[in-house]
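This report concerns only the one structure given below.
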Amino acid sequence: MAKASLLLTLFFFFNSVLLSHSESFIGVNYGQFADNLPPPEVTVKLLKSTSIEKVRLYGADPAIIKALANTGIGIVIAAVSGDIPALASDPNVATQWVNSNVLPFYPASNIILITVGNEVMSSNDNNLINQLLPAMKNINNALNSASLGGKIKVSTVHSMAVLTQSDPPSSGLFNPGFQDTMKGLLQLHRDTGSPFTINPYPFFAYQSDPRPETLAFCLFQPNAGRVDSGNGIKYMNMFDAQVDAIHSALKAAGFKDVEIVVAETGWPYKGDGNEVGPSVDNAKAYNGNLIAHLRSLVGTPLMPGKSVDTYIFALYDEDLKPGATSEKSFGLYKPDLTATYDIGLSKSSQTPSTTPATPSGKPTQTGWCVPKTGATDEQLQASLDYACSQGIDCGPIQPGGVCFEPNTVQSHAAYAMNVYYQHSNKAPSDCDFSQTAILTSQNPSYNGCVYPGGST
Numbered sequence: 001m002a003k004a005s006l007l008l009t010l011f012f013f014f015n016s017v018l019l020s021h022s023e024s025f026i027g028v029n030y031g032q033f034a035d036n037l038p039p040p041e042v043t044v045k046l047l048k049s050t051s052i053e054k055v056r057l058y059g060a061d062p063a064i065i066k067a068l069a070n071t072g073i074g075i076v077i078a079a080v081s082g083d084i085p086a087l088a089s090d091p092n093v094a095t096q097w098v099n100s101n102v103l104p105f106y107p108a109s110n111i112i113l114i115t116v117g118n119e120v121m122s123s124n125d126n127n128l129i130n131q132l133l134p135a136m137k138n139i140n141n142a143l144n145s146a147s148l149g150g151k152i153k154v155s156t157v158h159s160m161a162v163l164t165q166s167d168p169p170s171s172g173l174f175n176p177g178f179q180d181t182m183k184g185l186l187q188l189h190r191d192t193g194s195p196f197t198i199n200p201y202p203f204f205a206y207q208s209d210p211r212p213e214t215l216a217f218c219l220f221q222p223n224a225g226r227v228d229s230g231n232g233i234k235y236m237n238m239f240d241a242q243v244d245a246i247h248s249a250l251k252a253a254g255f256k257d258v259e260i261v262v263a264e265t266g267w268p269y270k271g272d273g274n275e276v277g278p279s280v281d282n283a284k285a286y287n288g289n290l291i292a293h294l295r296s297l298v299g300t301p302l303m304p305g306k307s308v309d310t311y312i313f314a315l316y317d318e319d320l321k322p323g324a325t326s327e328k329s330f331g332l333y334k335p336d337l338t339a340t341y342d343i344g345l346s347k348s349s350q351t352p353s354t355t356p357a358t359p360s361g362k363p364t365q366t367g368w369c370v371p372k373t374g375a376t377d378e379q380l381q382a383s384l385d386y387a388c389s390q391g392i393d394c395g396p397i398q399p400g401g402v403c404f405e406p407n408t409v410q411s412h413a414a415y416a417m418n419v420y421y422q423h424s425n426k427a428p429s430d431c432d433f434s435q436t437a438i439l440t441s442q443n444p445s446y447n448g449c450v451y452p453g454g455s456t
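In the numbering used here, the protein residues as written are 1 to 456.
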């Protein structure tokens, strides 16, 4: 019994240390299709002031790679799609690419992954698709020859269009038209331990189904959830559903052991008048709640207990991009290094600084806000993620906090929902959480865990 207690104590201690000092699952995309970006050295200072620990580039800009040296920040570099034919046809080209873009900088610059091409499998270019795997193999062989095999992995980035089925998540299936190429790619991932990288965008899912309930589902906000008809699992957000659809496709192909990395996901804060979804509020909600979800380490229903490495799109706006205004407006930071909106990335403020408030003409209610009897863990996890992303202090329910025990979704959600309510206008709607919460006059505080609030 004493041994079990010691192991449990050690688990909580090390888990707390990991949460306090490492958020290696949070990355950002650093695009350069703009004419107003700050110098790489300035950008690196910005990155070091945040909890962002990985950066994905769309090429291999030597100035950026060099500026990131000795920071410990993980770097993803890319061989662009236009390089694929030459890389596939001549191993010497791949060797030269590694000699030029990796060896001068590694290991001072922490290059962790090379992506070959971007969304090639959904490009409809059969020649490029057929050349993708040989190009990846040649890059991998060049790394092996430089004694970097296993230290730097090789992958390629896919859009969600690589699936022919994704709803429900358990039915996820890769396009059978590219079965041979996909099997070869997945075998390479398995053999080398490299990840399957994917670009899930709940934003686009909402644009195709712009109902209020879909928006809440996409923004990690309290909602009724969606039941997977294949396995009965209730999903509380679109991100988990999309990532699990990829997991299901990997499983169906016989490669469920291949790791998934989210190479891009984000939400634009501005768009054209005819675009549905872009706004500062929505972008802040999506990215802020996504980060809270990742930090919770709850994982997805099919991959619980671990957060998928996720690169948010994007570090800056890219004003030279063609197309709709939304395409240019995903930036978390402005060129003057101020945040477009606060989602708690700064090391000096790990939670957003805004205080939640719900304008209402209804009278305020006193008491404590707690979960309703019968609310499921899935519903309460969504409410927990939402509450903790809205500027409240969720430190007491983190490992080592006075309210961490009991370590259950029910207990943590109760604390977070109540703190959210106490910092709101205290209208009845502020203790609703999609009809999973209720006001009580009975103080839920226990031991040293004090719930703020009270009744008159």
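For glycine and all other residues, C-beta sits at the position ideal for the given N, C-alpha and C.
Predicted model, so just to flag it, every value in this text is computed and none were measured.
Whole-angstrom distance between residue j and residue i, CA atom to CA atom
i	j	result
residue 254	residue 410	36 Å
residue 196	residue 369	42 Å
residue 272	residue 47	30 Å
residue 109	residue 320	28 Å
residue 408	residue 298	11 Å
residue 279	residue 258	35 Å
residue 139	residue 148	11 Å
residue 101	residue 180	30 Å
residue 164	residue 70	43 Å
residue 446	residue 402	10 Å
residue 288	residue 246	23 Å
residue 186	residue 251	11 Å
residue 151	residue 213	44 Å
residue 400	residue 235	29 Å
residue 452	residue 382	21 Å
residue 238	residue 283	15 Å
residue 352	residue 28	Confidence in residue 352 is poor, its pLDDT being 41 and thus under 50, which makes the residue's placement too unreliable to answer from.
residue 457	residue 142	Since the first and last residues shown for the chain are 1 and 456, residue 457 lies out of range.
Bridge partner(s) assigned by DSSP for residue i
i	result
residue 77	114
residue 371	437
residue 293	None, per the DSSP bridge assignment.
residue 57	30
residue 158	198
residue 227	234
residue 449	446
residue 174	163
residue 261	197
residue 153	113
residue 300	303
Three-state secondary structure (DSSP) of residue i
i	result
residue 403	coil
residue 362	A caution first: residue 362 carries a pLDDT of 39, below 50, which makes its placement in the model too unreliable to give a value.
residue 204	helix
residue 392	coil
residue 184	helix
residue 192	helix
residue 343	coil
residue 454	strand
residue 210	coil
residue 333	strand
residue 312	strand
residue 122	helix
residue 321	coil
residue 217	helix
residue 266	coil
residue 352	Low confidence applies here, because residue 352 scores a pLDDT of 41, under 50, leaving its location unreliable; read the following figure in that light. Looking at residue 352 - three-state DSSP - the assignment turns out to be coil, as it is neither helix nor strand.
residue 37	coil
residue 23	coil
residue 84	helix
residue 432	coil
residue 427	coil
residue 107	coil
residue 52	coil
residue 138	helix
Residue i, enclosing alpha helix (DSSP H) - first and last residue
i	result
residue 41	40–48
residue 249	238–252
residue 146	Neither: residue 146 is in no alpha helix (DSSP H) and is coded neither H nor E.
residue 276	It is not in any alpha helix (DSSP H) - residue 276 carries neither H nor E in the DSSP assignment.
residue 461	Here the chain covers residues 1 to 456 and nothing more, so residue 461 does not appear.
residue 62	62–67
Residue i, enclosing beta strand (DSSP E) - first and last residue
i	result
residue 95	Run containing residue 95: none in the beta strand (DSSP E); it sits in the alpha helix (DSSP H), 91–101.
Counting pairs of beta carbons, one from the region 112–126 and one from the region 58–76, are three or more of them closer than 8 Å? yes
Would you say the region 254–271 touches the region 374–394, given that touching needs at least three Cβ pairs under 8 Å? no
Indicate whether the contact test is met: 3 or more Cβ pairs, each with one atom in the region 423–443 and one in the region 219–227, closer than 8 Å. yes
Does the region 90–98 come close enough to the region 39–56 to have 3 or more Cβ pairs within less than 8 Å? no
Touching by the beta-carbon criterion (3+ pairs, under 8 Å), the region 412–422 and the region 384–398: yes
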